[in-house]
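One structure is given here, and the rest of the page talks about it.
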Amino acid sequence: MESDEAVVLVVEDDEAVGTQLVRGLVRAGYATRRVTTATAALSAVGGDEPPDVVLLDLGLPDLDGTEVCRRIRELGDIPVIVVTARADESDRVEALDLGGDDYLVKPFGFEELLARIRAVRRRFARVAALADAARAADAANGRPGGVPVARTRAVAGAPAAAARPAAGARPAAGAGAGTAPEAEAGGVGDLVRHGGLVVDRRTRRIELDGQRLAITAREFDLLAFLAADPGRVRTRREIFQAVWGPWFGSTKVLDVHVGSLRRKLGRPELIETVYGVGFRLADPVAEPGLARGQGRAGGLR
Numbered sequence: 014m015e016s017d018e019a020v021v022l023v024v025e026d027d028e029a030v031g032t033q034l035v036r037g038l039v040r041a042g043y044a045t046r047r048v049t050t051a052t053a054a055l056s057a058v059g060g061d062e063p064p065d066v067v068l069l070d071l072g073l074p075d076l077d078g079t080e081v082c083r084r085i086r087e088l089g090d091i092p093v094i095v096v097t098a099r100a101d102e103s104d105r106v107e108a109l110d111l112g113g114d115d116y117l118v119k120p121f122g123f124e125e126l127l128a129r130i131r132a133v134r135r136r137f138a139r140v141a142a143l144a145d146a147a148r149a150a151d152a153a154n155g156r157p158g159g160v161p162v163a164r165t166r167a168v169a170g171a172p173a174a175a176a177r178p179a180a181g182a183r184p185a186a187g188a189g190a191g192t193a194p195e196a197e198a199g200g201v202g203d204l205v206r207h208g209g210l211v212v213d214r215r216t217r218r219i220e221l222d223g224q225r226l227a228i229t230a231r232e233f234d235l236l237a238f239l240a241a242d243p244g245r246v247r248t249r250r251e252i253f254q255a256v257w258g259p260w261f262g263s264t265k266v267l268d269v270h271v272g273s274l275r276r277k278l279g280r281p282e283l284i285e286t287v288y289g290v291g292f293r294l295a296d297p298v299a300e301p302g303l304a305r306g307q308g309r310a311g312g313l314r
C-alpha cells in the first residue's frame, strides 16, 4: 500500500485495459475512478473533487487525447500521465507540449507505472510547498493573497496546490500591502520588466509589448526562471531542477517547451540557445547576432 488517499482518474475506453489498471491501482492503495470518454474526463477534472493524478489514453472515442490533455491543463495543475500505445516521437512531443507531465507507452510494467505516479506526485508536492512558502511570506509582509491557487486537490499530504509558482520567485521585503513590487530585469520583485517583456509572478501573467500571452503553467515557470536573471546562461540541469524538479523522463521535453515559448512569443531570438550548455533570456540591448543565426538588433525594445 503506497497511497495516502490519493485519487487516480483512469481515462481509458478499452474495457480490458481499463479494468486491469483499476484493479492494480486499487491493490496499490489508490482510490480510483474510471471514465471512458473525454467528456467524462473533463467533467471529473473540472468538478468539485478533482483527482490527484490523471492516467490518460490518447485514443478516446469522442475527442483525441492530446486535446483532452490541453483542456485538463487549462482547468488546473493536476498531474497527467499519458498512457497510450502511440510510440511515435511526434505523439510524445505533442502530448508533452500540450501539458502532459509524463508519457508511458503500452505495454509497460505496472511497477513502472506506480513509480511514475509517485514521481509526478513528488514533483507537484514540491511545487505546493513552494507556493505555501510564498503565501506565508506574502502574509508576513502584509500582502494578502499570495500565489493564486489553482483548482486542484492536495498533493502528497500538502494543502491544495497553487498554480505552479515561478522558480525562484520570492517577495521583496517591505513591500506595501496590496502592491506588487516591481523590479527591472533580474530583480527579485513580483513584477519583472525586461524590455517589452513583463513577467508578473503574482498573477502569473506574461505580456510582450503590451499584449498578454496565453501560455501553459510550465511555460510560465520556464520563462520566469530565465527572466529572473536575464543574460545569465542557465544550464539544462539548473532549468530541470528549478522548473520540473526531479525528472525521470526524456530531456527533450525542455527543448519542446522552449520551442513552444518561442512560437508564442513570436520572437524566437528572445530565448537564446547556448549550445552544449543551456539557454538564456537575451539582453534587450545586445548587439545583433546574439541568438545564433539571427540578426535582430536590440533584442526587446
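Here the sequence shown is numbered in my numbering, starting from 14 and rising by one per residue. Glycine included, each C-beta is placed from N, C-alpha and C at the ideal position.
Inset, instruction - Please classify Ser273: does DSSP put it in a helix, a strand, or coil? - result: For this step, residue 273 is matched to residue 260 along the sequence shown. Note: Ser273 maps to helix in three-state DSSP.
Inset, instruction - Output the boundary residues of the beta strand (DSSP E) element that contains Ala227. - result: One-based indexing of the sequence shown puts residue 227 at position 214. Where Ala227 is concerned, there is no enclosing beta strand (DSSP E), given that its DSSP letter is neither H nor E.
Legend entry - Where Ile219 falls: helix, strand or coil (DSSP): Translated into the one-based positions of the sequence shown, residue 219 becomes position 206. Strand.
Inset, instruction - Could you check what DSSP says for Arg99 in three-state terms: helix, strand or coil? - result: Within the sequence shown, numbered from 1, the residue matching residue 99 stands at position 86. Three-state result, Arg99: coil.
Inset, instruction - Look at Val24 and Ala44 and say whether their C-beta atoms are less than 7 Å apart. - result: The sequence position of residue 24 within the sequence shown is 11, counting from 1. The sequence position of residue 44 within the sequence shown is 31, counting from 1. No. Outside cutoff.
Inset, instruction - Consult DSSP for Phe292 and reduce its assignment to one of helix, strand or coil. - result: On the sequence shown, position 279 is the one that residue 292 refers to. Note: Phe292 maps to strand in three-state DSSP.
Legend entry - Distance between beta carbons of Pro74 and Asp26, contact taken as under 8 Å: Here the question's residue 26 lines up with position 13 in the sequence shown. Here the question's residue 74 lines up with position 61 in the sequence shown. Their Cβ separation, rounded to whole angstroms, is 6 Å, which keeps Asp26 and Pro74 in contact under 8 Å.
Legend entry - Distance CB(Arg217)-CB(Phe238) smaller than 7 Å: Numbered from 1 along the sequence shown, position 204 holds the residue referred to as residue 217. Numbered from 1 along the sequence shown, position 225 holds the residue referred to as residue 238. If you check the CB distance, Arg217 and Phe238 do not come in under 7 Å.
Inset, instruction - Say whether chain D places a C-beta atom closer than 7 Å to the C-beta of Arg36. - result: Looking for chain D here will not work: only one protein chain is present.
Legend entry - Cβ neighbours of Leu38 in the same chain (closer than 6 Å, five flanking residues each side left out): As a first step, residue 38 is located in the sequence shown; it is residue number 25 there, counting from the start. Contacts found: Val21, Thr45.
Legend entry - Sequence-distant residues of its chain with Cβ nearer than 7 Å to Val246 (five each side left out): Position 233 of the sequence shown, counted from the first residue, corresponds to residue 246. The residues are Val287, Val290, Gly291, Arg293.
Inset, instruction - Tell me, please, which residues DSSP counts as bridged to Val48. - result: Taking the sequence shown and counting its residues from 1, the one referred to as residue 48 is at position 35. According to DSSP, Val48 bridges with Val24.
Inset, instruction - Return helix, strand or coil for Arg177, following the three-state DSSP convention. - result: Within the sequence shown, the letter at position 164 stands for residue 177. Low per-residue confidence applies at Arg177: pLDDT is 40, beneath 50, and the placement is therefore not dependable, though the value from the model is reported in the following sentence. Coil at Arg177, not helix or strand.
Inset, instruction - Could you say which of Val269, Ile252, Ala100, Glu18 lies nearest to Gly42 if we only look at CA atoms? - result: Working through the sequence shown from its first residue, we reach residue 42 at position 29. It is Glu18.
Legend entry - Check whether Gly60 and Arg83 have beta carbons under 7 Å apart: To locate residue 60, count along the sequence shown from 1; it is residue 47. To locate residue 83, count along the sequence shown from 1; it is residue 70. Contact: no.
Inset, instruction - Look at the alpha carbon of Gln254 and the alpha carbon of Asp222, and state the distance between them as a whole number of angstroms. - result: Here residue 254 refers to the residue found at position 241 when the sequence shown is read from its first residue. Here residue 222 refers to the residue found at position 209 when the sequence shown is read from its first residue. Rounded to whole angstroms, Gln254 to Asp222 spans 30 Å at the Cα level.
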